[in-house]
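One structure is given here, and the rest of the page talks about it.
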Amino acid sequence: MSTVIKTDGLTKKFPRVTALDRLTVEVEPGVVGLVGANGAGKSTLIKILLGLAPATSGTGRVLGLDIATEGSAIREQVGYMPEHDCLPPDVSATEFVVHMARMSGLPAAAARERTADTLRHVGLYEERYRPMGGYSTGMKQRVKLAQALVHDPKLVLLDEPTNGLDPAGRDDMLALIRRVYSDFGISVLVTTHLLGELERTCDHLVVIDGGRLLRSSSTASFTEATQVLAVEVTDRPDDPGFDADAAVLARLTAAGLAVRTDGSRVMLVQLADDDTYDTIRDTVADLGLGLVRLEQRRHRVAEIFTTETGGSSDAAAS
Numbered sequence: 001m002s003t004v005i006k007t008d009g010l011t012k013k014f015p016r017v018t019a020l021d022r023l024t025v026e027v028e029p030g031v032v033g034l035v036g037a038n039g040a041g042k043s044t045l046i047k048i049l050l051g052l053a054p055a056t057s058g059t060g061r062v063l064g065l066d067i068a069t070e071g072s073a074i075r076e077q078v079g080y081m082p083e084h085d086c087l088p089p090d091v092s093a094t095e096f097v098v099h100m101a102r103m104s105g106l107p108a109a110a111a112r113e114r115t116a117d118t119l120r121h122v123g124l125y126e127e128r129y130r131p132m133g134g135y136s137t138g139m140k141q142r143v144k145l146a147q148a149l150v151h152d153p154k155l156v157l158l159d160e161p162t163n164g165l166d167p168a169g170r171d172d173m174l175a176l177i178r179r180v181y182s183d184f185g186i187s188v189l190v191t192t193h194l195l196g197e198l199e200r201t202c203d204h205l206v207v208i209d210g211g212r213l214l215r216s217s218s219t220a221s222f223t224e225a226t227q228v229l230a231v232e233v234t235d236r237p238d239d240p241g242f243d244a245d246a247a248v249l250a251r252l253t254a255a256g257l258a259v260r261t262d263g264s265r266v267m268l269v270q271l272a273d274d275d276t277y278d279t280i281r282d283t284v285a286d287l288g289l290g291l292v293r294l295e296q297r298r299h300r301v302a303e304i305f306t307t308e309t310g311g312s313s314d315a316a317a318s
């Protein structure tokens, strides 16, 4: 299948706001990030793709199925992980995931077998019989992922899957998401406001703002190399009062290079030509310093998102 999601002019209007505005996009198999600030239209799009809400106009297909007329068939083949906590506290993970598997049409025996396998995959096998009210936030997120996967879908829609997790928990969840596609071939559409996560996890990014498509391209395209060198130097251990950064900046500026700082110890030097590298190395050596970093800087997704949305979005935080 060449595309898992395809929309053409998809529009959703409410009395006071247009949530989606003629959205036309194609999503290929893989791990795809849906980027947008709160109110950008992400949740509305997911509901429409699942056949849970009608579009005002336009068309869309998920796994080749029409979102307007084949919603039930779509939900049989698509898993959904909601953003908010929806887990009954007095029920075990096994009971809950088995129930969701049965709701998806699996026979009882198959539902129990798939539940055990899926909870093992998400790292909850040893805790599967405990009531979920005693679970940590990270464990609850894993249960929600498990119920989205238990019926062996072809596509899963994950809404803010790292919400509420600490850095270690986010890393674990992102690794699980990558494995969903790499190990099992299940395509993923994931939304998050932490753009650094998408940069590390997704093959492709779709940026929407105000319900409109701003950009859809590979993550590699978003993060292609810039014409800027990132430079970081050591201090002089025998002269702690010497301001190494200021000295290098002054020398490079005097040599005619455009230099700025990024708020840390990294200097950003405009790459004029191949001689720029030699000028930097010679300057650092003349000052008796060492190079910690000299590399061509790559775009960051957050920076490009801010540019694409006019710098107004809170989704650029990472």
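Okay, so the sequence shown: first residue is 1 according to UniProt numbering, each after it adds one.
Glycine included, every Cβ here is placed at the ideal spot set by N, Cα and C.
Computed from a predicted model, the values in this text were never measured in an experiment.
Since Ile5 is in the beta strand (DSSP E), which residue starts that stretch and which ends it? As a working note, residue 5 is residue 5 in the sequence shown. Run containing Ile5: Ile5 to Lys13, per the beta strand (DSSP E) assignment.
What is the DSSP secondary structure of Ser218, reduced to helix, strand or coil? In the sequence shown, residue 218 corresponds to position 218, counting from 1. Strand at Ser218.
What does the Cβ neighbour count give for Gly256, buried or exposed, with the cut at 16 atoms within 10 Å? Mapped onto the sequence shown, residue 256 falls at position 256. Gly256 is exposed by the Cβ-count criterion.
- Message: DSSP has Gln296 in a bridge; who is on the other side?
- Response: The sequence position of residue 296 within the sequence shown is 296, counting from 1. Gln296 is bridged to Leu229.
Item to complete: Check whether the Cβ atoms of Asp124 and Val150 lie closer than 8 Å to each other.
Response: Within the sequence shown, residue 124 is the residue found at index 124, counting from 1. Within the sequence shown, residue 150 is the residue found at index 150, counting from 1. Before going further, note that residue 124 is Leu rather than Asp in the sequence given. No; because the gap between Cβ atoms is not below 8 Å, this pair is not in contact.
Review point. When the Cα atoms are used, what is the spatial distance from Gly185 to Ala148?
Key: Position 185 of the sequence shown, counted from the start, is the residue given in the question as residue 185. Position 148 of the sequence shown, counted from the start, is the residue given in the question as residue 148. Each residue's Cα considered, the two are about 14 Å apart.
Proximal residues to Ser312 (C-beta, below 6 Å), its chain only, five neighbours per side dropped:
One-based indexing of the sequence shown puts residue 312 at position 312. With a pLDDT of only 47 at Ser312, under the threshold of 50, the placement of this residue in the model should not be trusted, and no figure is reported.
- Query: Alpha carbon to alpha carbon, what distance is there between Arg200 and Ser318?
  - Reply: As a first step, residue 318 is located in the sequence shown; it is residue number 318 there, counting from the start. As a first step, residue 200 is located in the sequence shown; it is residue number 200 there, counting from the start. Annotation note: pLDDT 39 at Ser318 (below 50); position unreliable, coordinate value reported separately. Between Ser318 and Arg200, the C-alpha separation is close to 12 Å.
Could you tell me which residues DSSP puts in a beta bridge with Gln270?
-> As a first step, residue 270 must be located in the sequence shown, where it is residue number 270. Gln270 is bridged to Val228.
Quiz item: If you run the structure through DSSP and keep just helix, strand and coil, what is Ser312?
Solution: The residue labelled residue 312 in the question sits at position 312 within the sequence shown. The pLDDT assigned to Ser312 is 47, lower than 50, so where the model puts this residue is not dependable; a value taken from the coordinates is nonetheless given after this. Of the three classes helix, strand and coil, the one that applies to Ser312 here is coil, per DSSP.
**OP:** Taking the CB atoms as reference points, tell me whether Lys140 and Gly60 lie closer together than 8 Å.
**Re:** Here the question's residue 140 lines up with position 140 in the sequence shown. Here the question's residue 60 lines up with position 60 in the sequence shown. No, the pair does not count as a contact, with Cβ atoms beyond the cut-off.
Report task. For Leu155, collect the residues of the same chain with a Cβ closer than 8 Å to its Cβ; drop the 5 residues on either side in sequence, then sort them by chain order. Result -> As a working mapping, residue 155 is identified with position 155 in the sequence shown. Excluding sequence neighbours, Leu155 sits near Val4, Ile5, Val62, Leu63, Gln77, Val78, Gly79, Ile186, Ser187, Val188 and Leu189.
* In terms of DSSP beta bridges, what is Gly51 paired with? -> Residue 51 sits at position 51 when you count from the first residue of the sequence shown. Answer is none; Gly51 lacks a bridge partner.
- Message: Determine whether the beta carbon atoms of Val27 and Val206 lie at a separation below 8 Å.
- Response: Translated into the one-based positions of the sequence shown, residue 27 becomes position 27. Translated into the one-based positions of the sequence shown, residue 206 becomes position 206. In this structure, Val206 lies closer than 8 Å to Val27 by Cβ.
Looking only at its own chain, which residues have a Cβ that is under 6 Å from the Cβ of Ala40, when we skip the five neighbours before and after it? Within the sequence shown, the letter at position 40 stands for residue 40. Correct list, in chain order: Ile208 and Asp209.
Who does Pro131 pair with in a DSSP beta bridge? Reading the sequence shown from its first residue, position 131 is the one you call residue 131. Ser92.
Notebook entry, point to check: Ordered along the chain, which non-local residues of its own chain (more than five positions away) have a Cβ less than 8 Å from that of Pro131?
Noted result: Locating residue 131 in the sequence shown gives position 131, counting from the first residue. Once the five neighbours on either side are set aside, the close Cβ partners of Pro131 are Pro89, Asp90, Val91 and Ser92.
Notebook entry, point to check: Hey, out of Gly211, Phe14, Val122 and Val233, whose CA is closest to residue 359's CA?
Noted result: Outside the shown range of the chain (1 to 318) lies residue 359, about which nothing can therefore be said.
Would you say Asp203 and Ser218 are within 8 Å of each other, going by their C-beta atoms? As a first step, residue 203 must be located in the sequence shown, where it is residue number 203. As a first step, residue 218 must be located in the sequence shown, where it is residue number 218. Against a cut-off of 8 Å, the Cβ pair of Ser218 and Asp203 comes out as a contact.
I'd like the ranges of any alpha helix (DSSP H) spanning at least 4 consecutive residues and lying wholly in the stretch 183–207. 195–201
- [ ] Might you give, ordered along the chain, the residues of its own chain that have their beta carbon closer than 6 Å to the beta carbon of Ala19, omitting 5 neighbours on each side?
- [x] Your numbering for residue 19 matches position 19 in the sequence shown. These residues qualify, in order along the chain: Lys12, Gly41, Thr44 and Gly211.
key: Residue environment, Phe14, which counts as buried when at least 16 other CB atoms sit within 10 Å   = Residue 14 sits at position 14 when you count from the first residue of the sequence shown. Exposed: under 16 other Cβ atoms inside 10 Å.
* Between Leu291 and Val248, which are expected to be in contact by the criterion C-beta below 8 Å, what is the C-beta distance as a whole number of angstroms? -> If you number the sequence shown from 1, residue 291 lands on position 291. If you number the sequence shown from 1, residue 248 lands on position 248. Not quite, the Cβ-Cβ distance comes to about 10 Å (not below 8 Å), so this is no contact.
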